[in-house]
C-alpha cells in the first residue's frame, strides 16, 4: 500500500480533527501517524497525517477536506518521492560534504542536483559525487549580476529547496523575494538570536560564552531572523579561541543543517508567522 | 470552561481518531491538544486529548466512546485536581527535597501527603514542609514485617502514586504486586540498562564511562527492569571518583525524577508492555 | 594532612609552572591536582593547585612564590572552610530553594546566612531552613533607600558571596561598585547574550527558538554583560508558551546557578577581563 | 617556532610537575598548555604538555626527563605531522564518510591511507576520495584466512591507527594481540556498557530506553569492553522503531568516532588500565 503525507493548515475551529480524519476514513485511508497543533495566540491549526491506502482519487479527497474546513485552508497530499536540492556554498566544506554523503548513502531522501559557489573551492568536492558545480565568483561580477547569475543557475535546475550551506554572502531582498517563503534554508553559525551577523565565533570568543550553537532557518529578508527550524549547541570553555570554536562549531552546524533538511523533506515543518511548527 | 484529559487505550483499528473526536465534538467539547500513537509491533492505540467544555455528563461521554472502540478499550476522563504522593526514602535528601520544594512552590501539581523512611535521617526535612514522616527502620523489624509496616503506612494515606526517592531497599514481589502497575515510580541512579543493581556510580567509575545518567521507571518485580519513563545524562571524565560521580549524578537524579513525576501527573504516560508511551 | 587551594594569577612568562611547583615541593607540599591556563590574546597566566601538606608557614610560602613571579601577581592559599552566602530574592522560589536544600544536605560547601527579599513571598521558605529573612519592599522605599537598606543588610551579615537568585530589580552602579568584582553572582533566565533584559521567556516565545537556557555570571554595571561562569540549555518546541517555557526554564536556572556557585566555592573560577577561566 | 607534544606517564610521586617543567624551562622550551592527572586508586601520573621552542636536541631532553622520573616512566616528544589511518568497514557509509570528508577538508590531521572492507559496498566511496580500497569478503575465505588477509593488508600500509568504522565482524584475540593496545579504535553503536554485543538498536527498542548513544573505545580482546575514549547520546521516544533508532544513532556514531579520533591524533588520550585519561 502506498503512503502519503496529508498536510492541513487553516484557522482553528472545533471539530477539525474529526472532520479530516472522517474523510480519510470514508476513503479507506488508514492514519498511521498524526500530529496536530493549534496555536493559542492567533488560532491557527496545523496537522500532519501519514496515511496509508489507495490514493487514486487524491484530488477528490483534497477537495472534500477543503470543503469542510474554514475558508483559506491549505491542504496537500504529498508522495514520498526524492526531492531535488540545490546547494549554495562558499569555501567551507563541512555542510556540503554532509549533505552529499547522506544523499549518496540514502540517509537523505533527496538528490543534490547542483552546487553553486561564489568561490571555486568546493568544485572538486561536488564533482567527486558527480554533482554539477557552477561558480559565479564575487570578483567577476557586480553584486547584482552575480546574484542574477546565481538565481538563473538555481532556476535552471528547478529544485524543491535551495540550501545555503555556509554561503557567506548576504542576499538581496530581490533575490529572496524571487522564491516562496520556505524554499530557502540557511545554516547560521550561532545560536540565534545570539551573535547575529558576521563572525559569530569571534563574537562568542569575545563574550566568553560557555556554550556555542548553530541555527537552521528559513530565509526571509530580515537577515538571520527567519523562522527557526532546528538548533543545537555544544559546551565550550576558556581554552577555545575563535579558530577552535569554529572547528567545534562546524560539527554542530552540519548536524543541525542535516536534521533541519531531513525534517523539511519529511514534510514535518510548517511555517507559522515568523516561527515554525516542527512535528 | 473546565479542562479534562481524555485517555484512550485499545487495540488499533482504522477510524479510531475520527470516532473519538466525533463523539467529543458532538458533546460540544473542544480538543485543545491531542497526541496519539499506534504501535506497529503489537497494534496498540494510545491517545491523550486535552478537552475543554462542560463535563456534566462525563459518564455518558465515556460510555459512548467505549461503545465505538474495540473490545477491552480503556477510557478515562481525568480532572486536573492535585494528586496525592507518598514518598519512600532512605538517607539521601536530594530527590525528596526537590519534590517537597516543587510541591511547596506549586510547580508540582501534587501534595506530598506522607514520607516514609527506612532510616530516620530525613524526618527533619519532611517536617520542615509539614509533611508527616513515618520511620520503619530496617534494624527494628524482620524484612517481612518492615515491608508490611511500610505497606500499611502507604495504604493509610491513600496516595495516587508512591515515589521511591532513593529508597535503598529491594522490595519483595508481594509488596510490588500489592499495587497496580503504574502506581510505584522509582528513580535509579544509572542510565539503565547500564549498571543495574547496586553501586552504579562505583560500577561507572570502574568502567571508565564518559557519561553517567539516571532513569525514572515504573516498578515491576524485575528489579530495575520496569517501563522507563524518563532518562537523562551528564558528561564526566577521568577526574571523577565514585564520590564526585555520585554528587554530580544526584543533580541528574532529582531532575529526571521530577520530570517523570510531572509527566505522570499530567497524564502523559501510558504503559505499553515493558515500555512507555510518553506524550 | 590538610588540603588547601593555591591560586596564582599574573602576567604570563616562561617557567611559571616550574617556579611555583618547585616552591611547593621545597615546602613538602604535594600537588594533588593542578590546572593552568595562559591566554594568548593578552598573555595572562592562571593556575589553581590543590595542595596537601602542612601549611603552618603559609604566609612564607605565598611570599616566596610571589617573589618569583612577575610584578603584580596575585597569590592566595585558601582553606576549605564553609563560606557564607547572602541570597537576594523576589518571588520565585526555585533558585533559593535549590541553594537552601543543597546547603542543608551538605552538597553545597556554604551556609546561607541571610535571605533578603524585595517582596515578602519567600520569608516562609527561608524560615523553614532557619535562615533569617529581611524584607525591603520596593513599595515601601524610594529606589535609593531600598538599595541602601539592602546593602546595609548584606554588609551586616558579612558574606563571602552575594547570590542574586532571581532578584528582579536592576541594581544601580553605586550598589554594584560597593562590592569587589566577583562577589556578586547573578542567574539570568536566558542563554546570554540572547534575550538580554526583561521577559526573556516571552522574547524566546516570540522568536520561536528551539532551545532555551540560563546563564550564571558575575555582576558588573553593564546589565547582563558580566563574566559568564556557567550556562546550560534545554530543547523546547512550538507547543511551549511563555508560561511553560518559564516552568521548564526554572529547572535549568536552578541547576546552572547551583553549578556556578559550586565552582566559585571550590575556587575554580578566575575572572579574566569580561570572561572567566573555569577549571 | 616549532611545537611538540610532551607525553609523560609514570608512577606518581611528589615534585613530578616541577621536575619536568624545570627541564623544559632549562632547555628554553615554553609550556603553552599543560594538563596532568594523578589517579588516586593506583597512583599513576599522566601529563601532556604542549611545548614551543627548538627541539634539535629532543633526544637529550627526553633522557634528562626520564632520569628524574620513577623507574619505568614513559616519555615521548611528538611532532604534529599528519598521521596515517587505515579504516576497516563493512557496509555502512556514515563513519567512513565522515572520516574521509574531514581528512579531505583538513579538519582531521590525518591521511586515510587505505580502506579495507569485508564487503565491497564502500569501494566507490573510498575511491571517490582516491583512497585505495581492498576487499576480503567473508564469503570468500575461512574466518582465519580472511583475518590474516586483513591483517596483512593493514600491515602493508603501515598505519599509525586502525579505525574500525562499523566493521561488523568480531576480531579474534590473535588479530587484536598482533597490534599494540591503543592502535585499534572501534565505534560501538550503543552507550556502553548498555547493549553490548549484537543489534544494540534492536535491544534499545525492546527495552524502551529514552536515550540512545554511541561509544568509541580502544579494542581489547574483551569485546566492547576496551577503554572508552568518547561517548555521546541523543534523546529518543516511543515513536522510534529499530530502523529510525539506527538512522538517528548513525549521526551520533559518526560524531563520537570523529571526536575520539581527533583526540587521539592530538595525543590527548592516555590508556589507564581499562580506562582512559582524556585531556
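Chains as they are written, first to last, in my numbering: chain B, 1 to 279; chain Y, 280 to 558; chain V, 559 to 837; chain E, 838 to 1116. Glycine included, C-beta positions come from ideal geometry on N, C-alpha and C. These numbers come from a predicted model, not from an experiment.
Through-space distance from residue j to residue i, alpha-carbon basis
{"i": "residue 1081 of chain E", "j": "residue 107 of chain B", "result": "11 Å"}
{"i": "residue 18 of chain B", "j": "residue 51 of chain B", "result": "15 Å"}
{"i": "residue 3 of chain B", "j": "residue 320 of chain Y", "result": "18 Å"}
{"i": "residue 439 of chain Y", "j": "residue 286 of chain Y", "result": "17 Å"}
{"i": "residue 1074 of chain E", "j": "residue 1087 of chain E", "result": "16 Å"}
{"i": "residue 1008 of chain E", "j": "residue 482 of chain Y", "result": "26 Å"}
{"i": "residue 467 of chain Y", "j": "residue 537 of chain Y", "result": "13 Å"}
{"i": "residue 811 of chain V", "j": "residue 626 of chain V", "result": "42 Å"}
{"i": "residue 656 of chain V", "j": "residue 797 of chain V", "result": "27 Å"}
{"i": "residue 446 of chain Y", "j": "residue 465 of chain Y", "result": "8 Å"}
{"i": "residue 859 of chain E", "j": "residue 868 of chain E", "result": "11 Å"}
{"i": "residue 799 of chain V", "j": "residue 763 of chain V", "result": "6 Å"}
{"i": "residue 1016 of chain E", "j": "residue 621 of chain V", "result": "52 Å"}
Own chain, CB closer than 6 Å to residue i, minus 5 neighbours either side, in chain order
{"i": "residue 134 of chain B", "result": "116, 153"}
{"i": "residue 1063 of chain E", "result": "1054, 1055, 1056, 1057"}
{"i": "residue 1010 of chain E", "result": "1058"}
{"i": "residue 429 of chain Y", "result": "395, 415"}
{"i": "residue 690 of chain V", "result": "672"}
{"i": "residue 182 of chain B", "result": "218, 271"}
{"i": "residue 292 of chain Y", "result": "349"}
{"i": "residue 400 of chain Y", "result": "370"}
{"i": "residue 1014 of chain E", "result": "none"}
Beta-carbon gap between residue i and residue j smaller than 7 Å
{"i": "residue 742 of chain V", "j": "residue 767 of chain V", "result": "no"}
{"i": "residue 53 of chain B", "j": "residue 77 of chain B", "result": "no"}
{"i": "residue 907 of chain E", "j": "residue 847 of chain E", "result": "yes"}
{"i": "residue 110 of chain B", "j": "residue 81 of chain B", "result": "no"}
{"i": "residue 503 of chain Y", "j": "residue 475 of chain Y", "result": "yes"}
{"i": "residue 436 of chain Y", "j": "residue 381 of chain Y", "result": "no"}
{"i": "residue 165 of chain B", "j": "residue 85 of chain B", "result": "no"}
{"i": "residue 616 of chain V", "j": "residue 592 of chain V", "result": "no"}
{"i": "residue 228 of chain B", "j": "residue 260 of chain B", "result": "no"}
{"i": "residue 956 of chain E", "j": "residue 928 of chain E", "result": "yes"}
{"i": "residue 379 of chain Y", "j": "residue 408 of chain Y", "result": "yes"}
{"i": "residue 45 of chain B", "j": "residue 38 of chain B", "result": "yes"}
{"i": "residue 1114 of chain E", "j": "residue 1100 of chain E", "result": "no"}
{"i": "residue 1083 of chain E", "j": "residue 1038 of chain E", "result": "yes"}
{"i": "residue 27 of chain B", "j": "residue 61 of chain B", "result": "yes"}
{"i": "residue 651 of chain V", "j": "residue 384 of chain Y", "result": "yes"}
{"i": "residue 473 of chain Y", "j": "residue 1031 of chain E", "result": "yes"}
{"i": "residue 546 of chain Y", "j": "residue 299 of chain Y", "result": "no"}
For residue i, the three-state DSSP class (helix, strand or coil)
{"i": "residue 124 of chain B", "result": "helix"}
{"i": "residue 83 of chain B", "result": "strand"}
{"i": "residue 1051 of chain E", "result": "strand"}
{"i": "residue 903 of chain E", "result": "helix"}
{"i": "residue 352 of chain Y", "result": "coil"}
{"i": "residue 283 of chain Y", "result": "strand"}
{"i": "residue 935 of chain E", "result": "helix"}
{"i": "residue 339 of chain Y", "result": "helix"}
{"i": "residue 372 of chain Y", "result": "coil"}
{"i": "residue 1042 of chain E", "result": "helix"}
Beta-carbon contacts of residue i that lie in its chain and below 8 Å, excluding the five residues immediately before and after
{"i": "residue 191 of chain B", "result": "211, 212, 213, 214, 215, 231, 233"}
{"i": "residue 696 of chain V", "result": "676, 677, 704, 727"}
Chain-order list of residues whose beta-carbon lies under 7 Å from that of residue i (same chain, five-residue window excluded)
{"i": "residue 486 of chain Y", "result": "none"}
The ligand FMN heavy atom lying under 6 Å from the CB of residue i
{"i": "residue 120 of chain B", "result": "This structure lacks the ligand FMN; in fact it carries no ligand of any kind."}
For this session: Report the residue ranges of all alpha helix (DSSP H) runs contained in full by the segment 14-51 of chain B; include only those spanning at least 4 residues, in chain order.
Result: 16-26
Problem set entry | Every unbroken beta strand (DSSP E) inside the segment 1079-1116 of chain E [3 residues or more] | 1106-1109, 1112-1115
Problem set entry | Segments assigned alpha helix (DSSP H), at least 4 residues, entirely inside the segment 694-760 of chain V | Taken in chain order, the whole alpha helix (DSSP H) runs of length 4 or more contained in the segment 694-760 of chain V are 701-715, 731-735.
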